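A.B. asks:
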Amino acid sequence: MALYLLYESASGYALFLAHGIDEIGQNTEAVRSSVLDLNRFGKVVKLGAFNPFDSALDALNQINAVSEGLMTEELRNFLALNLPKIKEGKKPKFSLGVSEPKIGSHIFEETKIPCQSNEFVLELLRGVRLHFDRFIKDLKPGDLEKAQLGLGHSYSRAKVKFNVNRVDNMVIQAIFLLDTLDKDINSFSMRVREWYSWHFPELVKIVNDNYLYAKVSKFVEDKSQLSEDKIPALADIVGDEDKAKEIVEASKASMGQDLSPIDLINVQQFAQRVMDLSEYRKKLYDYLVTKMNDIAPNLAALIGEVVGARLISHAGSLTNLAKCPSSTLQILGAEKALFRALKTRGNTPKYGLIFHSSFIGRASARNKGRMARYLANKCSIASRIDCFSETSTTVFGEKLRGQVEERLDFYDKGVAPCKNIDVMKAAIESIQNKSGVVTEDDGGNENTEVSAKKSKKKKSKGETAVNGEAMDVEESQAVTNGLTSKEQEMEKKKKKEKRKLAQELGLTEATENGLALEQDGITKKKKKKSKDVDGEDLQTASEVKKKKKKSKGEDDD
C-alpha cells in the first residue's frame, strides 16, 4: 500500500510519496536515525506535488482552517488532483499520512480518503520539515524563513485579536510624559519669574498664572518702552483691562534694574519655550483623553482620564488592572506606606492613587476610607468591563458614577442608594435600546404587562372584599403619580386605620357615608336590645314577686 504524506508549510501545501517502506517491523528509532541523513531520506521520500499560497492573507486563512481541523476547498482540489482516484466499491490502495488526526478524520468524512497519523508518519513528516527547502528547488535560501516569520506573526495576532486602537501602552507613555511636563513647566516658569523679576519685580504680584506671566514678559520686553498705547493688547493677553492698566502703572514706578538687549532676548526666548511647552501639554492632555475614551471609556467616565491612566500605568496594563482585586486597586501607589505599616504594625493606608479623585475629596474625614473602598470596587468593575467587552461604551461608567454619587449622599444625608443589580439591569437595557434591539413589539408587551398588573390588582381587590377587608384605589393612583416614600407610608397608615374600623364594624365597603349610616343603625339596634333586656328584667322581677306571694298564701293555709 502506497503512503502519501501531506505537509502544510508556510508557503503552500506539499504532497510527498513515501515508496519502498515496509511499515511492519519498522522501528521508530531506526526511522529517527535515517531521517537525519538526506541521502537515505531522499531515496525513500520524494516530492509529488506542491501548491503555493496566493498571498499572506490566503496563507493565514488556510492555516487557521488546518489548526481548527477543517479542510478547505483549495486543499480538497489539491488532493483530488494529485492523489489516485478511488473506484466505487473497492478499497483504496493508498493512505494519506497527516500530522493532525482532526484534519485526517475530516478529510476521510468528506472524500473517503483513508488517513493515518501515528509515530511512524510523524517521524517521516519531521524529516520532510527538516529537508523541505532541499525538495523545493525554486525557493531561495531566506524565503522559507521569511514566510514562516510573517505567517507566525499574523497567526498569533489573529488568535489574540490584537486591536491597534486599544493599545494601552500609548496611555502609559502619555501619562508619564504628562507628569514630567508638569514638573518641567513648573520649574521653567519659576526660572522665568526669577529671571525677569530682576527687570520688572512688580509683575509677579499682578500676574499669578505661569503661562500668562511668560506671555506678558515676552510681550512687555523692556518696561521703559511700555506705554498706555499697549493697554488694549495687554488686556487681550491678561483678559482684564484693569490688570493691564495696573501693569502699565507699575512699569512707570518699577524698582527693577535695566537689562541689556542680549539679556532681554534670552529671557524672551526662554519665555517662548515655556509657552510652547505649556501648549504642547494641552495637546498631550487632549490626546490622552481621546486614547482613554478608546481604551477604557467606562473607567474614564467613572474616575476621570488622568486618574484612570495613572492606575493603568501603575498596574502595567489594562489587563493587569482588571486582574487586580478591589482591595489591591484601592492602595495602588501606596506600597511604601503599606509595607512600612506592616513592618511597624501600624495602620495600613486607606487609599493610593484613588485619593486624587474628586469623590475622596468631597467625602468627610470620617467617611474617606469607606468612600475609597467603595470607589475601588466600582473601578475594578469598570476596568473589567473595558478589558473584556468587545463593544466600547460609557453607559456602565456613567451608571457606576451615579452609584458613587448616591453613596456620597447616603453618607451625608442618609438617602438610601439603589441596588447594584437594578443599576446594571438599567445599563444593559439602555445599551440594548441604543443598539436597536428594542422594537415595536416591546411596546405591545409593555401594554400587556400593564393590563396584567391591572387584572392582578382587580383580583386582589375581589379577594379582600370576600375576606371582609376594605380596599382603596388610591394605592394604584399613588404609584402612578410617583409619590414619595413618606407620603406612601402616611397613606398606608390611613388605609390600615380604615381597615381596622371596617373589620370591627363588620363592613365590606369602607366609604364614609356607609360607615356613618351603619354606625347609626348599629347604635339604634343596641338601644333596642338594651330596652328589650330591661323589659325582660322587669318581667322576671314581677314574676318572682308573684311567686313569693303565692308561697306565703300556701303557708298561711
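In this note's numbering, the protein residues as written are 450 to 1006.
All C-beta atoms in this analysis are idealised placements derived from N, C-alpha and C, irrespective of residue type, glycine included.
This one's a predicted model, so the numbers in the text were calculated from it and none came from an experiment.
Take R819 as the anchor and find which of C867, M520, Y860 and P650 has the nearest alpha-carbon.
C.D. replies: When only C-alpha atoms are compared, the closest one is Y860.
A.B. asks: Does the beta carbon of K942 fall short of 6 angstroms from some heavy atom of the ligand MG?
C.D. replies: Of ligands this structure carries none, so the ligand MG is not represented either.
A.B. asks: Could you check what DSSP says for C836 in three-state terms: helix, strand or coil?
C.D. replies: In the structure shown, C836 sits in a helix (DSSP, three-state: H, G or I).
A.B. asks: Note down, in chain order, each residue of its chain lying with its Cβ closer than 6 angstroms to the Cβ of L708, except the 5 sequence neighbours on either side.
C.D. replies: Around L708: H648.
A.B. asks: Helix, strand or coil, according to DSSP, for N784 in the structure here?
C.D. replies: Note that residue 784 is Glu in the sequence shown, not Asn. Of the three classes helix, strand and coil, the one that applies to E784 here is helix, per DSSP.
A.B. asks: Using 8 angstroms as the cut-off, can you tell me whether the stretch 783-796 makes contact with the stretch 741-760, which would need three or more C-beta pairs spanning the two stretches below that distance?
C.D. replies: No, the stretch 783-796 does not touch the stretch 741-760.
A.B. asks: Let's see if you can read the secondary structure: which residues bound the beta strand (DSSP E) around L452?
C.D. replies: Element bounds for L452: A451 to E457.
A.B. asks: Could you work out which residue in Q881, V864 and K848 is closest to I870 when comparing CA atoms only?
C.D. replies: The shortest C-alpha separation from I870 is found at K848.
A.B. asks: Which residue wins for smallest C-alpha separation from T768, given the options R640, Q721, N618 and G546?
C.D. replies: For the residues R640, Q721, N618 and G546, the minimum Cα distance to T768 belongs to N618.
A.B. asks: Measure the CB-CB distance between G546 and Q565 and report whether it falls below 7 angstroms.
C.D. replies: It is a contact, given that the beta carbons lie within the stated cut-off.
A.B. asks: How would you label F499, buried or exposed, when you count the other beta carbons within 10 angstroms and need 16 or more for buried?
C.D. replies: The residue in question, F499, is buried, as its Cβ has 16 or more Cβ neighbours within 10 Å.
A.B. asks: Using 7 angstroms as the threshold, is the C-beta distance between A432 and R850 below it?
C.D. replies: Since the displayed the chain opens at 450 and closes at 1006, residue 432 lies outside it and no answer follows.
A.B. asks: Under 8 angstroms by Cβ, that's how I've got S460 and P501 pegged, so tell me the actual separation to the nearest angstrom.
C.D. replies: S460 to P501, Cβ: 6 angstroms. Contact.
A.B. asks: Since S776 is in the beta strand (DSSP E), which residue starts that stretch and which ends it?
C.D. replies: S776 -> not in any beta strand (DSSP E); alpha helix (DSSP H) instead, spanning S775 to Q779.
A.B. asks: For L760, name the three-state secondary structure that DSSP assigns.
C.D. replies: L760 falls in the helix class under three-state DSSP.
A.B. asks: Consult DSSP for K905 and reduce its assignment to one of helix, strand or coil.
C.D. replies: Confidence is the limiting factor: at K905 the pLDDT is only 44, short of 50, which leaves the residue's position unreliable and the question unanswerable from this model.
A.B. asks: Going by DSSP in three states, L519 sits in which element: helix, strand or coil?
C.D. replies: Coil, per DSSP.
A.B. asks: Thinking just about the alpha-carbon of each residue, which of K694, S483 and I621 is nearest to the one in L652?
C.D. replies: Of the listed residues, the one whose Cα sits closest to L652 is K694.
A.B. asks: Can you tell me which of V620, V484, I714 and M520 puts its alpha carbon nearest to the alpha carbon of S554?
C.D. replies: Considering only alpha carbons, the answer is M520.
A.B. asks: Mind checking A865: buried by the 16 CB within 10 Å criterion, or exposed?
C.D. replies: A865 is exposed by the Cβ-count criterion.
A.B. asks: CB L630 to CB R759, shorter than 7 angstroms?
C.D. replies: In this structure, R759 does not lie closer than 7 angstroms to L630 by Cβ.
A.B. asks: Where does the unbroken beta strand (DSSP E) through P501 begin, and where does it stop?
C.D. replies: Looking at the DSSP string, the run of the beta strand (DSSP E) that includes P501 is V494 to P501.
A.B. asks: Report the rounded CA-to-CA distance for L485 versus K561, giving the unit in angstroms.
C.D. replies: Each residue's Cα considered, the two are about 33 angstroms apart.
A.B. asks: Helix, strand or coil for T960, going by three-state DSSP, please let me know.
C.D. replies: The predicted position of T960 is uncertain, since its pLDDT is 41 and thus under 50; a value taken from the coordinates is nonetheless stated next. Note: T960 maps to coil in three-state DSSP.
A.B. asks: For A467, does the count of other Cβ atoms within 10 angstroms reach 16, so buried, or fall short, so exposed?
C.D. replies: Looking at its Cβ environment, which holds 16 or more other Cβ atoms inside 10 Å, A467 is buried.
A.B. asks: What do you get for L675, buried or exposed, if any count of 16 or more other CB atoms within 10 angstroms of its CB means buried?
C.D. replies: Classification for L675: buried.
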